[in-house]
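Let me begin by presenting the structure, written as structure tokens, before commenting on it.
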Amino acid sequence: MINRPQRHCWCGNNELKSFSPDYLVCTKCGTLVSQTGLTPEQTLVCEDSKDFYGKEYWLSHQSQDLGFPNIYQRTRLDLSERSLYWLRTLLTYKLPPARVLELGSAHGAFVALMRWAGFDATGLELSPWVVDFAQKTFNIPMLLGRVEDQQLEQQSFDAIVLYDVLEHLPNPLATMQYCFSLLKPDGIFIIQTPNYIENKTYAEMVAKNDKFMEQLMTIEHLYLFSERAVEMFFKHLGCNTLHFKPALFDYDMYFVVSRQPLAQNTVEQISSSLATIPSGRMVQALFDKADEVDQFQKKWLVAEDDRAARLRVIEQQGEENTKLQTQLTQVSDHLQVIEADRTERLQVINQQATQIEQMEQHLQEIIEANHAAYLEVINEQAAQIKQMEQHLQKIEADRAARLQVINEQAAQIEQMGQHLQEIEADRAARLQVINEQAAQIEQMGQHLQGIEADQAARLQVINEQAAQIEQMEQQLYNLQIQLLVRILRRLKLLKFQPISSSVLMEE
Numbered sequence: 005m006i007n008r009p010q011r012h013c014w015c016g017n018n019e020l021k022s023f024s025p026d027y028l029v030c031t032k033c034g035t036l037v038s039q040t041g042l043t044p045e046q047t048l049v050c051e052d053s054k055d056f057y058g059k060e061y062w063l064s065h066q067s068q069d070l071g072f073p074n075i076y077q078r079t080r081l082d083l084s085e086r087s088l089y090w091l092r093t094l095l096t097y098k099l100p101p102a103r104v105l106e107l108g109s110a111h112g113a114f115v116a117l118m119r120w121a122g123f124d125a126t127g128l129e130l131s132p133w134v135v136d137f138a139q140k141t142f143n144i145p146m147l148l149g150r151v152e153d154q155q156l157e158q159q160s161f162d163a164i165v166l167y168d169v170l171e172h173l174p175n176p177l178a179t180m181q182y183c184f185s186l187l188k189p190d191g192i193f194i195i196q197t198p199n200y201i202e203n204k205t206y207a208e209m210v211a212k213n214d215k216f217m218e219q220l221m222t223i224e225h226l227y228l229f230s231e232r233a234v235e236m237f238f239k240h241l242g243c244n245t246l247h248f249k250p251a252l253f254d255y256d257m258y259f260v261v262s263r264q265p266l267a268q269n270t271v272e273q274i275s276s277s278l279a280t281i282p283s284g285r286m287v288q289a290l291f292d293k294a295d296e297v298d299q300f301q302k303k304w305l306v307a308e309d310d311r312a313a314r315l316r317v318i319e320q321q322g323e324e325n326t327k328l329q330t331q332l333t334q335v336s337d338h339l340q341v342i343e344a345d346r347t348e349r350l351q352v353i354n355q356q357a358t359q360i361e362q363m364e365q366h367l368q369e370i371i372e373a374n375h376a377a378y379l380e381v382i383n384e385q386a387a388q389i390k391q392m393e394q395h396l397q398k399i400e401a402d403r404a405a406r407l408q409v410i411n412e413q414a415a416q417i418e419q420m421g422q423h424l425q426e427i428e429a430d431r432a433a434r435l436q437v438i439n440e441q442a443a444q445i446e447q448m449g450q451h452l453q454g455i456e457a458d459q460a461a462r463l464q465v466i467n468e469q470a471a472q473i474e475q476m477e478q479q480l481y482n483l484q485i486q487l488l489v490r491i492l493r494r495l496k497l498l499k500f501q502p503i504s505s506s507v508l509m510e511e
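Last residue of the sequence shown: 511 (our numbering), numbering continuous.
Put into structure tokens, the structure is as follows:
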């Protein structure tokens, strides 16, 4: 790299901010300005073997440094590609025998093609070796040196073309201002130059490996314009008409500039003009063949797009198949896991079923044992109740006998008899309660089949009932005693002979 003092923008703005290691960007017009590029003196070619734009620029620099075809290869390649493309644009706005100057014409193929079409075309280059090469290769007129140093008539050219030249000019404003002086009032510029997309940072370009990175040739590309910068540039020169056209390469911009409104020639006018001279017919044949190639290329692009689309579909289907295969594998693995888990769960269920069966058997044994115990208790209670009934029957018989005696002895004891009837009613009620309790005990014995814990509760109820029965017996006994005492007292009042206590005790 060649270190230089800060280069100012073509627009005169000194306020530039950093863009990349070797470029600053103008804050006014958006142009990238190289800070390590050639000085105006270094762009001149004084010694072809040493200077930058000398012979080796077209040979080793193109092939080894930039990876492009060298000048010998380009004399053939450029004719069928870019030269035809540029000639179509020129014919659209100017017809032969218009006078045309190409700045930076290199090997001269485009100048030769313009002359074959009938234009009065001249090329210009800085290197004596390249000028001589172009003259010998294509037999064309060539100018040597800077355009500002040529003895050219003012307003004598219909068109001046610059393809990949504007970015190399050390003072583009001054050079283009001079070129405007060479154009006729209705003259045009046709220019191709790299297109810097504003607001796209260097970091973004590096991250995306942007094609424009190839245009950051800091030594030779001194000014890289944006579309806005180009418009400002030519308005500054008094040019109000600027039409952008499709560029041959996507990293370039391609446009036509004029002071006056542009008029376009029809296809018929261009064909008629080319048909006036034999070489023009050859150029028309090249156009026709290029059109065929273009149509074939369009069809090929359509077919390629279709192929790419089909390939994408196939790839998508392959990806979907892969995904489905992966999902199938995952499902299969999951099913294996589920099957293993199912087998394990089935084993556990079988074990649990065995345990449940054993528990049911044990529970059945417990229920049967409890049932037998309950029946035994109930039988015992039934026997006790039967004994109690027999005892009550005896008491009832004794009571009847005593009532008969009392009825015979005195009518006054009628009330006692009524009381005894109440006692009998109470006894009957108590007997009914006992019978109901017995029925309840029987029902309780049936319910005790399901729950072992309920056994203790029901036994407690039975014990409580037994205690109640015992209390009832005691109460009944006490009532008998009380009855007898009352009878004795009544008899005493009636002057009956009292019954001895020994007799009462025996009874």
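Using N, Cα and C, we set each Cβ at its ideal position, and we do this for glycine too.
As the structure is a prediction and not an experimental result, all values here were calculated from the model.
Rounded to whole angstroms, how far is the Cβ of residue i from the Cβ of residue j, which I believe are closer than 8 Å?
i	j	result
L95	I274	5 Å
N74	L63	5 Å
I164	G112	Not confirmed; about 16 Å, so no contact.
T1	P174	Because the chain in this structure spans residues 5 to 511, residue 1 falls outside the shown range and cannot be described.
G127	S109	3 Å
T167	W120	Sequence check: residue 167 is Tyr here, not Thr. That belief does not hold up - the Cβ atoms of Y167 and W120 are roughly 18 Å apart, past 8 Å.
I192	S262	5 Å
R285	A279	6 Å
Y200	L228	5 Å
T270	G41	With a Cβ gap of about 43 Å, T270 and G41 do not count as contacting.
D162	K188	6 Å
F248	E231	7 Å
Q268	Y97	6 Å
F237	W14	7 Å
Q484	I399	7 Å
Classify residue i: buried if its beta carbon has 16 or more other beta carbons within 10 angstroms, exposed otherwise.
i	result
M118	buried
E129	buried
L147	buried
M363	exposed
V335	exposed
H225	buried
W304	exposed
L36	buried
Y76	exposed
H172	buried
N383	exposed
E106	buried
A460	exposed
A233	buried
S53	exposed
D292	exposed
T197	buried
F137	buried
K59	buried
Y27	buried
Looking only at its own chain, which residues have a Cβ that is under 8 Å from the Cβ of residue i, when we skip the five neighbours before and after it?
i	result
E510	Unreliable positioning characterises E510 in this predicted model, as indicated by a pLDDT of 46, which lies under 50. The coordinate reading is nonetheless provided below. Closer than 8 Å at Cβ, skipping near neighbours: no residue.
P250	Y258
Q181	L241
V507	In this predicted model, V507 has a pLDDT of only 45, less than 50, meaning its place in the structure is not dependable; the value taken from the coordinates is given anyway. Once the five neighbours on either side are set aside, V507 has no close Cβ partner at all.
H12	N18, L20 and V37
D254	K215
E218	Y255
R1	For the chain, the structure presents residues 5 to 511; residue 1 sits outside this window and is missing.
Ordered along the chain, which non-local residues of its own chain (more than five positions away) have a Cβ less than 6 Å from that of residue i?
i	result
L83	A113
E308	none
S67	N74
T43	none
I281	G122
V135	E129, M146 and L148
L177	W14
V49	D55, Y57, G58, L130 and S131
F142	G112 and A116
Can you list, in chain order, the residues of its chain with a C-beta nearer than 7 Å to that of residue i? Leave out the 5 residues immediately preceding and following it.
i	result
S160	R103 and L186
N139	Here residue 139 turns out to be Gln, not Asn, going by the sequence shown. Once the five neighbours on either side are set aside, the close Cβ partners of Q139 are M146.
S505	Caution is warranted here: a pLDDT of 49 is assigned to S505, below 50, making its placement in the model unreliable, and no coordinate value can be reported.
S24	Y206 and L220
P265	T245
V151	L107, L128, T179, Y182 and C183
S22	L28
Length at least 4, wholly inside the segment 58-89: the alpha helix (DSSP H) runs in chain order: Whole alpha helix (DSSP H) segments, 4+ residues: 59-62 and 75-82.
At 3 residues or longer, and completely inside the segment 342-410: list those beta strand (DSSP E) runs for me, N to C. The qualifying runs do not exist here; there are none.
Unbroken beta strand (DSSP E) runs of length 3 or more, entirely within the segment 230-270: which are they? Restricted to the segment 230-270, the beta strand (DSSP E) segments that are unbroken, complete and at least 3 residues in length are 245-249 and 256-262, listed in chain order.
What residue ranges within the segment 107-190 form continuous alpha helix (DSSP H) runs of no fewer than 4 residues, ordered along the chain? Fully enclosed alpha helix (DSSP H) runs of 4 or longer: 113-121, 132-142 and 176-186.
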